[in-house]
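Reviewing the structure listed below.
2 protein chains.
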Amino acid sequence: MTSTASSRIPQEERTRLMRARLLDATVECLVERGFSGTSTTLVSERAGVSRGAQLHHFPTKNDLVVAAVEHLTEVRGAELAAAARRLPRGDRRTRAVVRMLGDHFSSPVFTAALELWVAARSDPALMAAVEPLEQRVGRETHRLTVELLGADESVPGVRELVQATLDLVRGLGLANTLTDDTRRRGRILDQWARTLDTALDGALHATLQETT
Amino acid sequence: MTSTASSRIPQEERTRLMRARLLDATVECLVERGFSGTSTTLVSERAGVSRGAQLHHFPTKNDLVVAAVEHLTEVRGAELAAAARRLPRGDRRTRAVVRMLGDHFSSPVFTAALELWVAARSDPALMAAVEPLEQRVGRETHRLTVELLGADESVPGVRELVQATLDLVRGLGLANTLTDDTRRRGRILDQWARTLDTALDGALHATLQETT
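Structure representation (structure tokens):
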């Protein structure tokens with residue numbers, strides 16, 4: 001039965017599914033046991049993948065953890081873009097945008113990425129892999145945030161306000177790893193949304209006055 | 001010579017100095033090698049303290065790392081309070097306050113604390129020690145920030161703006177652990193200082209209008 005069923009799935013698809021199982025298991029391990037508690041043995045057991053197959057696709061622990069965080073970042077990036085399309089227009093948009101970002105940075109992908117960042121600090125080989133990933137993710141998240149807020153970065157101060165918003169949600173994400181910080185985060189982000197709206201209007205107004 | 005010199009230092013003072021050497025060495029280890037790369041053996045070697053004496057004062061690695069971060073937090077807290085007394089009054093005060101906080105959260109004590117927070121996520125015994133320390137430090141930093149900004153937390157929104165400021169510098173601190181982020185941080189915090197001043201004035205103004 002099993003061999004008949006599996007032979008109906010093309011090899012390429014089976015490989016893709018196996019890789020996805022390995023990467024999902026790696027993220028679960030990072031979140032539950034941290035970087036130092038994650039091992040390739042534990043991941044292959046959890047994913048139900050043979051050691052040989054796992055080592056073929058990801059020869060080292062670093063290969064595995066970087067690929068896992070990259071994979072989950074792509075999945076979550078797609079989820080974020082989908083959620084962004086459902087955001088309201090008008091008055092409540094900024095609040096919805098910053099709350100969505102706050103949730104994104106408090107999700108398991110943030111926790112897994114945090115484990116990687118911290119481990120990379122004292123592991124040059126891991127740093128070499130993590131730094132370009134982090135820069136790419138940072139640029140994409142920045143671009144999406146600018147688009148969602150309808151912010152005009154040619155106006156002085158606007159770029160820094162968008163960056164501040166992302167550094168704020170990163171800080172809130174870190175706070176959330178110690179204790180569930182959902183309620184406090186909601187209050188802070190609601191106030192941030194009001195402040196951001198006023199500041200973005202103010203920056204635009206100041207620029208218009210200067211040019212007229 | 002050595003025994004004559006050391007006999008002039010009272011026992012209590014010698015113990016205090018030895019503890020300080022152990023705790024400083026622990027913070028250095030956490031910053032350079034991370035939590036998993038820090039061991040009691042390495043710390044006692046680096047501090048030049050015998051294993052026996054080290055184990056007498058700090059029986060476990062967790063005792064050592066929590067005491068170390070607590071010690072450095074106190075030292076840096078005192079430094080922060082001293083720096084606060086030198087801050088300018090008037091127009092440039094908010095900028096100076098947020099820049100000082102930004103530097104504080106990008107210092108080695110933040111990096112050492114970050115190692116502890118992340119390790120505590122998957123170590124319940126460490127979490128039990130880290131959580132109350134983190135709460136106490138959080139309260140003290142919040143109280144100091146309110147005082148430095150001359151913020152009135154009875155005005156709606158002001159408490160959240162102070163919290164946002166601290167979550168922002170926490171996020172900037174995390175960004176700084178991967179790459180030196182000093183210049184970007186400076187630009188973001190200068191903009192935030194302007195925005196914060198306007199927001200604090202606006203919150204006060206709105207409350208005054210409501211009450212009259």
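Protein chains in written order, with full-length UniProt numbering: chain A, 1 to 212; chain B, 1 to 212.
Don't be surprised by glycine CBs; every beta carbon is placed ideally from N, CA and C.
Within chain A, the residues that residue i reaches when beta carbons sit closer than 9 angstroms
{"i": "T198 of chain B", "result": "T195, T198, A199 and G202"}
{"i": "E131 of chain B", "result": "L178 and T179"}
{"i": "G48 of chain B", "result": "None at all; the shortest Cβ gap to chain A is about 23 angstroms."}
CB contact flag (residue i, residue j, <8 angstroms)
{"i": "A78 of chain A", "j": "T26 of chain A", "result": "no"}
{"i": "M100 of chain A", "j": "A112 of chain A", "result": "no"}
{"i": "V137 of chain B", "j": "V118 of chain A", "result": "no"}
{"i": "A193 of chain B", "j": "V75 of chain B", "result": "no"}
Cβ-based burial, residue i [other Cβ within 10 Å; buried from 16]
{"i": "I9 of chain B", "result": "exposed"}
{"i": "L17 of chain B", "result": "exposed"}
{"i": "E134 of chain B", "result": "buried"}
{"i": "residue 213 of chain B", "result": "Nothing can be reported for residue 213 of chain B, as the shown portion of chain B is limited to 1 through 212."}
{"i": "T94 of chain B", "result": "buried"}
{"i": "H104 of chain A", "result": "buried"}
{"i": "T41 of chain A", "result": "exposed"}
{"i": "R19 of chain B", "result": "buried"}
{"i": "T47 of chain B", "result": "Note that residue 47 of chain B is Ala in the sequence shown, not Thr. Buried is the call here."}
{"i": "L208 of chain A", "result": "exposed"}
{"i": "A164 of chain A", "result": "buried"}
{"i": "residue 233 of chain B", "result": "With chain B covering 1 to 212 only, the question about residue 233 of chain B has no answer from this structure."}
{"i": "T60 of chain B", "result": "exposed"}
{"i": "Q54 of chain B", "result": "buried"}
{"i": "Q191 of chain A", "result": "buried"}
Chain-ordered chain A contacts of residue i [CB-CB under 7 angstroms]
{"i": "T177 of chain B", "result": "W117 and R121"}
{"i": "A164 of chain B", "result": "L168, I188, Q191 and W192"}
{"i": "R33 of chain B", "result": "S122"}
{"i": "S36 of chain B", "result": "S36"}
{"i": "E153 of chain B", "result": "Correct list: empty, because the minimum Cβ distance to chain A is about 12 angstroms."}
For residue j and residue i, believed in contact at Cβ under 8 angstroms, the rounded distance
{"i": "S44 of chain A", "j": "S36 of chain A", "result": "About 18 angstroms separates the two Cβ atoms, so there is no contact after all."}
{"i": "L200 of chain B", "j": "V158 of chain B", "result": "6 angstroms"}
{"i": "G202 of chain B", "j": "T198 of chain A", "result": "7 angstroms"}
{"i": "V169 of chain B", "j": "G90 of chain B", "result": "Going by Cβ atoms, the distance from V169 of chain B to G90 of chain B rounds to 22 angstroms, so no, they are not a contact pair."}
{"i": "L166 of chain A", "j": "T145 of chain A", "result": "6 angstroms"}
Nonlocal neighbours in the same chain, by C-beta distance under 8 angstroms from residue i, ignoring five residues either side
{"i": "L114 of chain B", "result": "G173, L174 and T177"}
{"i": "L116 of chain B", "result": "L30, F35, V65, V66, V69, L126 and V130"}
{"i": "A62 of chain A", "result": "Reading off the sequence, residue 62 of chain A comes out as Asn, not Ala. Cβ neighbours of N62 of chain A beyond the five flanking positions: D123, A125, L126 and A129."}
{"i": "D181 of chain B", "result": "S106, L172 and A175"}
{"i": "D152 of chain A", "result": "V158 and L204"}
{"i": "residue 221 of chain B", "result": "Outside the modelled stretch of chain B, which goes from 1 to 212, sits residue 221 of chain B, for which no answer is possible."}
{"i": "R85 of chain A", "result": "none"}
{"i": "H142 of chain B", "result": "V162, Q163 and L166"}
Neighbour list for residue i in chain A, Cβ cutoff strictly below 8 angstroms
{"i": "E160 of chain B", "result": "R187, I188, D190, Q191 and W192"}
{"i": "E134 of chain B", "result": "L178"}
{"i": "G90 of chain B", "result": "Within 8 angstroms Cβ-Cβ: nothing; G90 of chain B doesn't reach chain A, min ~21 angstroms."}
{"i": "G77 of chain B", "result": "Per Cβ cutoff of 8 angstroms: no residues; G77 of chain B is ~19 angstroms from chain A at best."}
Beta-carbon proximity list for residue i, same chain, < 6 angstroms, skipping 5 on both sides
{"i": "P108 of chain B", "result": "V31"}
{"i": "R92 of chain A", "result": "none"}
{"i": "M1 of chain A", "result": "In this predicted model, M1 of chain A has a pLDDT of only 46, less than 50, meaning its place in the structure is not dependable; the value taken from the coordinates is given anyway. Result list for M1 of chain A: empty, nothing under 6 angstroms."}
{"i": "H71 of chain A", "result": "L23"}
{"i": "L80 of chain A", "result": "H104"}
{"i": "F110 of chain A", "result": "G173"}
Cβ shell of residue i (< 7 angstroms), same chain only, five flanking positions each side left out
{"i": "A120 of chain A", "result": "L126, M127 and V130"}
{"i": "P88 of chain A", "result": "A96"}
{"i": "E140 of chain B", "result": "G77"}
{"i": "R184 of chain B", "result": "none"}
Contact list for residue i against chain B, beta-carbon separation under 7 angstroms
{"i": "L114 of chain A", "result": "V118"}
{"i": "G150 of chain A", "result": "Correct list: empty, because the minimum Cβ distance to chain B is about 18 angstroms."}
{"i": "L172 of chain A", "result": "D167"}
Contacts that residue i makes with chain B (C-beta to C-beta distance below 9 angstroms)
{"i": "G52 of chain A", "result": "Neighbours of G52 of chain A on chain B: none; closest Cβ ~28 angstroms, over 9 angstroms."}
Neighbour flag for residue i against chain D, beta carbons, 8 angstroms
{"i": "L126 of chain A", "result": "Here chain D cannot be found, since the structure's protein chains are A and B."}
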